[in-house]
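Engineer: Protein chains in written order, with our numbering: chain A, 1 to 328; chain B, 329 to 556. Virtual Cβ for every residue (Gly too), placed ideally from N, Cα, C. Let me begin by handing over the structure; questions about it come next.
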Amino acid sequence: MKQLEFEGRYSAFWNEMESVLADTSKASALTLSEFPRDYRRVCQHLAMAKSRRYATGLIERLNALVQAGYEVLYGGAFRRRGSIIEFLSFGFPAALRSNGVFIWAAAAVFLLPYVLIMIACMVNDQLIYSVMDASSVRNMESMYDPALRKLGRERQSDSDIMMFGFYIYNNISIAFKCFATGIFLGVGSLFVLFFNGLQIGAVSGHLTALGYSETFYPFVVGHGSFELTAIVFSGAAGLKLGFSLLAPGPYSRRKALQYAAKDAIKIVYGVFVMLLIAAFIEAFWSSSSSLPIAVKYSVGAALWAFVYYYCFFFARTRVAAYHSQYAA
Amino acid sequence: MKLDTVALVETPEGTDLHAEVVGLVPRALAYTLDFLIRMGIIIVLGIVFSFLGKAGEGLYLILFFVLEWWYPVYFEVFRGGQTWGKKSFKIKVVNDDLTPISFGPSLTRNLLRAADFFPAMYVCGCISVLTTSRFQRLGDLAAGTIVIYEEEERYVSHSLDQVSAVAPSYPLTEEQQSAFINFALNRGRMSRDRQTEIAEIIRPRLPLNATDAAKYARGVGKWLLGAR
Numbered sequence: 001m002k003q004l005e006f007e008g009r010y011s012a013f014w015n016e017m018e019s020v021l022a023d024t025s026k027a028s029a030l031t032l033s034e035f036p037r038d039y040r041r042v043c044q045h046l047a048m049a050k051s052r053r054y055a056t057g058l059i060e061r062l063n064a065l066v067q068a069g070y071e072v073l074y075g076g077a078f079r080r081r082g083s084i085i086e087f088l089s090f091g092f093p094a095a096l097r098s099n100g101v102f103i104w105a106a107a108a109v110f111l112l113p114y115v116l117i118m119i120a121c122m123v124n125d126q127l128i129y130s131v132m133d134a135s136s137v138r139n140m141e142s143m144y145d146p147a148l149r150k151l152g153r154e155r156q157s158d159s160d161i162m163m164f165g166f167y168i169y170n171n172i173s174i175a176f177k178c179f180a181t182g183i184f185l186g187v188g189s190l191f192v193l194f195f196n197g198l199q200i201g202a203v204s205g206h207l208t209a210l211g212y213s214e215t216f217y218p219f220v221v222g223h224g225s226f227e228l229t230a231i232v233f234s235g236a237a238g239l240k241l242g243f244s245l246l247a248p249g250p251y252s253r254r255k256a257l258q259y260a261a262k263d264a265i266k267i268v269y270g271v272f273v274m275l276l277i278a279a280f281i282e283a284f285w286s287s288s289s290s291l292p293i294a295v296k297y298s299v300g301a302a303l304w305a306f307v308y309y310y311c312f313f314f315a316r317t318r319v320a321a322y323h324s325q326y327a328a
Numbered sequence: 329m330k331l332d333t334v335a336l337v338e339t340p341e342g343t344d345l346h347a348e349v350v351g352l353v354p355r356a357l358a359y360t361l362d363f364l365i366r367m368g369i370i371i372v373l374g375i376v377f378s379f380l381g382k383a384g385e386g387l388y389l390i391l392f393f394v395l396e397w398w399y400p401v402y403f404e405v406f407r408g409g410q411t412w413g414k415k416s417f418k419i420k421v422v423n424d425d426l427t428p429i430s431f432g433p434s435l436t437r438n439l440l441r442a443a444d445f446f447p448a449m450y451v452c453g454c455i456s457v458l459t460t461s462r463f464q465r466l467g468d469l470a471a472g473t474i475v476i477y478e479e480e481e482r483y484v485s486h487s488l489d490q491v492s493a494v495a496p497s498y499p500l501t502e503e504q505q506s507a508f509i510n511f512a513l514n515r516g517r518m519s520r521d522r523q524t525e526i527a528e529i530i531r532p533r534l535p536l537n538a539t540d541a542a543k544y545a546r547g548v549g550k551w552l553l554g555a556r
């Protein structure tokens, strides 16, 4: 069959398909009735046009039609993956629990420098200057100085909102970068974890040595539960990316990276939510200086307990079931 | 087609779908446009929020965060894989099996911008785009996505209306046939001089009664398409 005859015979059908596919919602509705049959017919026309070497323009037109139909028919299937609440209840813990190795590794890279430099800074009060510059140290010291706190300056609510914005912008960006740079064989994540462990550890040690414990720890205990844990998780997600390139197992490196990213991104969803919560606690709860220290410590302890219970122990059987259902 | 910018995907129906992947320059331009748009929004809202004091500062930082990390995700997932920048260059992001991009891959590729940006000005991303066969940056590799051109301009079959079909005066190979056909159909996209220039190639084999090589080539093309 010559091309013009072929076109003459089917162009009405193609025009109709084109108008149907121009409106995505209409096409989705048609998925139930004759749309799949028509789509397969266009596929067949494209194959014929190619094998008969019809002109490029016609092949392009049919290819565009098949492409649009393909999107309608197969695109939607990948969208629905359960609700957000379902993900937060089971999906996120499942993603964490199936990546325990990376979480342990990330936690070690964060906590070892943290603890070591904390002790070192308590022994040597000059050591802080090798981690932070002098003006930051002064700033931080005045922030937690109990003598200044006693003046009873309660922060205004609008500056709480300002700090909320700052924590979101700053902390979540750090977590995202910590994850993303894991693609460089994990080096980026290791660096961010190590560096943050070093800096936060140094600050804790230095302030403890100065005797500012009563202002510093009540401030950080609440949001630290979500914030520090989330940073470790984002590092773990990054390490997973890097490790997939180092040890791709039975897959090509490209495929291994894609599988790892698919799993790791679930951890990052959770990290995002955790850091939103942390920013909220830090801006509106931790900053309050009128609450008694005992209340802050007990709420802080409850938050830590909640985070660890939720991440590693909550609803074990259902989480495991969720994991096996979606892991495939 | 043996062009190396073509991504082929086999559909479950056994048909090969093809799409043309986008190289570095259009992608960089689209990114630049998006960047300028984002900066514009940030400057305008920065002025607005500056009237709201410290709370405004906080809201501004949240907005900055949203625009930096979520702007492309929103457009890719809900606007057919196209940010405004990509739309103006007629390119879009899709999964590497040419299905529309969904939330997970979109977030993955946009978070990994941080790695592509490293150490500055998207150096790693550019190297990756230039060295991978389907022009993927690191984020694309991890998310399994590609950037493709939107479908070509519509094919016009009545561009041959004023041409009269001419039977070729000598036997043509399959490749020569498709050359004649494509010449006939692509007339609208070429200048008259260029048409003549191309058609002059067959001058030595032109039959005696034909003088205009371009007209003859179009006629043969139409005849080969099946017109008599």
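1. Just the Cα atoms here: how many angstroms apart are K150 of chain A and S287 of chain A?
2. List the residues of chain B that M163 of chain A touches, going by C-beta distances under 8 Å, in chain order.
3. By alpha-carbon positions, which one of A:Q325, A:I231, A:A247 and A:Y308 ends up nearest to F110 of chain A?
4. Within a Cβ cutoff of 6 Å, which residues of the same chain sit near L387 of chain B, ignoring the five residues on either side of it in sequence?
5. Thinking just about the alpha-carbon of each residue, which of B:A347, B:N514, B:L536 and B:L534 is nearest to the one in T427 of chain B?
6. 8 Å is my cut-off, CB to CB: does Y322 of chain A come that close to chain B?
7. Apart from the five residues just before and just after P113 of chain A, which ones in its own chain have a Cβ nearer than 8 Å to its Cβ?
8. Taking the alpha-carbon positions, what's the L534 of chain B to A47 of chain A distance?
9. If I measure Cβ to Cβ from I355 of chain A and keep anything under 7 Å in the same chain, skipping five residues before and after, which residues do I get?
10. Can you tell me where the alpha helix (DSSP H) holding V330 of chain A begins and where it ends?
11. With a threshold of 8 Å on Cβ separation, who are the neighbours of L345 of chain B within its own chain once the five nearest residues in sequence on each side are excluded?
12. Just to confirm my understanding: we take C43 of chain A, look at its own chain, exclude 5 residues before and 5 after, and list those with CB closer than 6 Å. What are they?
13. Whose CA, out of A:G57, A:L245 and A:S234, lies closest to the CA of F176 of chain A?
14. Can you check whether the CB of S189 of chain A is closer than 8 Å to the CB of G300 of chain A?
15. Thinking M162 of chain A and E385 of chain B are a contact (beta carbons under 8 Å), I'd like their distance in whole angstroms, please.
16. Is it buried or exposed for T181 of chain A, if we count other Cβ within 10 angstroms and need 16 for buried?
17. Contact between the segment 460-470 of chain B and the segment 253-270 of chain A is defined here as three or more beta-carbon pairs at a separation below 8 Å; is this criterion met?
18. Restricting to Cα atoms, I'd like to know which of A:E71, A:F216, A:L148 and A:A236 is closest to R97 of chain A.
19. Any C-beta of chain A sitting closer than 8 Å to the C-beta of G368 of chain B?
20. May I have the straight-line CA-CA distance separating D125 of chain A from E141 of chain A, to the nearest angstrom?
21. Is W397 of chain B close to chain A, meaning its C-beta is less than 8 Å from at least one C-beta of that chain?
22. Roughly how many angstroms separate the alpha carbons of E528 of chain B and R546 of chain B, rounded to a whole number?
23. By DSSP, does T473 of chain B sit in helix, in strand, or in coil?
24. DSSP three-state label for V349 of chain B, please.
25. Terminal residues of the continuous alpha helix (DSSP H) containing K543 of chain B?
26. Which one or two residues does DSSP pair with I419 of chain B in a beta bridge?
27. Please decide whether F78 of chain A counts as near chain B, where near means a Cβ-Cβ distance under 8 Å.
28. For M367 of chain B, count neighbouring Cβ atoms within 10 angstroms of its own Cβ and tell me buried if that reaches 16, exposed if not.
29. Near R407 of chain B, which residues of its chain fall below 6 Å by C-beta distance, leaving aside the five closest residues on each side in sequence?
30. Between A:W104, A:A264, A:V319 and A:S157, which has its C-alpha nearest A283 of chain A's C-alpha?
31. Look up V221 of chain A in the DSSP assignment and say whether it is helix, strand or coil.
32. Helix, strand or coil for L185 of chain A, going by three-state DSSP, please let me know.
33. Anything in the segment 410-423 of chain B with a Cβ closer than 7 Å to a Cβ of chain A? List those residues in chain order, please.
34. In chain order, what residues of the same chain lie with their CB nearer than 6 Å to the CB of L62 of chain A, ignoring the 5 residues before and after it?
35. Just to confirm the assignment, what range does the beta strand (DSSP E) spanning V274 of chain B have?
36. Could you have a look at P428 of chain B and say whether DSSP puts it in helix, strand or coil?
Structural biologist: Let's see:
1. On the first sequence, position 150 is the one that residue 150 of chain A refers to. On the first sequence, position 287 is the one that residue 287 of chain A refers to. With a pLDDT of only 49 at K150 of chain A, under 50, the local geometry of the prediction cannot be trusted, and no value is derived from it.
2. Numbered from 1 along the first sequence, position 163 holds the residue referred to as residue 163 of chain A. G386, listed in chain order.
3. Start at 1 with the first residue of the first sequence, and residue 110 of chain A comes out as number 110. Nearest C-alpha to F110 of chain A: A:I231.
4. Working through the second sequence from its first residue, we reach residue 387 of chain B at position 59. For L387 of chain B, where only same-chain residues beyond five positions count, the Cβ hits under 6 Å are F377.
5. Here residue 427 of chain B refers to the residue found at position 99 when the second sequence is read from its first residue. Here the closest residue by C-alpha is B:A347.
6. Within the first sequence, the letter at position 322 stands for residue 322 of chain A. Not one chain B Cβ lies under 8 Å of Y322 of chain A.
7. Translated into positions along the first sequence, residue 113 of chain A becomes position 113. Result list for P113 of chain A: F194, G197, L198 and G201, in chain order.
8. Here residue 534 of chain B is taken as the residue at index 206 of the second sequence, counted from 1. Here residue 47 of chain A is taken as the residue at index 47 of the first sequence, counted from 1. In a straight line, the C-alpha of L534 of chain B is about 34 Å away from that of A47 of chain A.
9. Outside the displayed span of chain A (1 to 328) sits residue 355 of chain A, for which this structure offers no information.
10. Residue numbering for chain A in the displayed model covers 1 to 328; residue 330 of chain A lies beyond these limits and cannot be assessed.
11. In the second sequence, the residue the question calls residue 345 of chain B occupies position 17. Closer than 8 Å at the Cβ level, and outside the excluded window around L345 of chain B, lie L336, V337, E338, T339 and L426.
12. Working through the first sequence from its first residue, we reach residue 43 of chain A at position 43. Within the same chain, C43 of chain A has close Cβ partners V66.
13. Numbered from 1 along the first sequence, position 176 holds the residue referred to as residue 176 of chain A. Minimum Cα distance to F176 of chain A is reached at A:S234.
14. Numbered from 1 along the first sequence, position 300 holds the residue referred to as residue 300 of chain A. Numbered from 1 along the first sequence, position 189 holds the residue referred to as residue 189 of chain A. For G300 of chain A and S189 of chain A, no; Cβs fall outside 8 Å.
15. On the first sequence, position 162 is the one that residue 162 of chain A refers to. On the second sequence, position 57 is the one that residue 385 of chain B refers to. Sure, about 5 Å apart at Cβ, within 8 Å.
16. To locate residue 181 of chain A, count along the first sequence from 1; it is residue 181. Its Cβ being crowded by 16 or more others within 10 Å, T181 of chain A is buried.
17. yes
18. Stepping through the first sequence from its first residue, residue 97 of chain A is reached at position 97. The residue with the shortest Cα to Cα distance from R97 of chain A is A:A236.
19. Here residue 368 of chain B is taken as the residue at index 40 of the second sequence, counted from 1. For G368 of chain B, the answer is no, since every Cβ of chain A falls outside 8 Å of its Cβ.
20. In the first sequence, counting from the first residue as 1, residue 125 of chain A sits at position 125. In the first sequence, counting from the first residue as 1, residue 141 of chain A sits at position 141. The straight-line gap from Cα to Cα measures roughly 12 Å.
21. Here residue 397 of chain B refers to the residue found at position 69 when the second sequence is read from its first residue. So yes, W397 of chain B belongs to the interface.
22. Within the second sequence, residue 528 of chain B is the residue found at index 200, counting from 1. Within the second sequence, residue 546 of chain B is the residue found at index 218, counting from 1. Going by the C-alpha atoms only, they are around 12 Å apart.
23. Taking the second sequence and counting its residues from 1, the one referred to as residue 473 of chain B is at position 145. Strand at T473 of chain B.
24. Counting from one through the second sequence, the residue named residue 349 of chain B turns up at place 21. DSSP places V349 of chain B in strand when its eight states are reduced to three.
25. For the purposes of this step, residue 543 of chain B is taken as residue 215 along the second sequence, with counting starting at 1. Per DSSP, K543 of chain B belongs to the alpha helix (DSSP H) from A541 to L553.
26. Here residue 419 of chain B refers to the residue found at position 91 when the second sequence is read from its first residue. BP columns for I419 of chain B point to B:Y477.
27. Within the first sequence, numbered from 1, the residue matching residue 78 of chain A stands at position 78. Residue placement at F78 of chain A is flagged as unreliable, the pLDDT there being 49, under the threshold of 50; the coordinate-derived value follows with that caveat. Chain B, which has a Cβ nearer than 8 Å to the Cβ of F78 of chain A, makes this yes.
28. Translated into positions along the second sequence, residue 367 of chain B becomes position 39. Looking at its Cβ environment, which holds fewer than 16 other Cβ atoms inside 10 Å, M367 of chain B is exposed.
29. In the second sequence, residue 407 of chain B corresponds to position 79, counting from 1. So the list is empty, once near-sequence residues are dropped.
30. For the purposes of this step, residue 283 of chain A is taken as residue 283 along the first sequence, with counting starting at 1. Considering only alpha carbons, the answer is A:S157.
31. Here residue 221 of chain A refers to the residue found at position 221 when the first sequence is read from its first residue. Three-state DSSP puts V221 of chain A in a helix.
32. By 1-based counting over the first sequence, the position of residue 185 of chain A is 185. Correct three-state label for L185 of chain A: coil.
33. none
34. Within the first sequence, residue 62 of chain A is the residue found at index 62, counting from 1. Cβ within range, chain order: H45, L46 and A49.
35. For residue 274 of chain B there is no data in the structure shown, the boundaries of chain B being 329 and 556.
36. Translated into the one-based positions of the second sequence, residue 428 of chain B becomes position 100. Three-state DSSP puts P428 of chain B in a strand.
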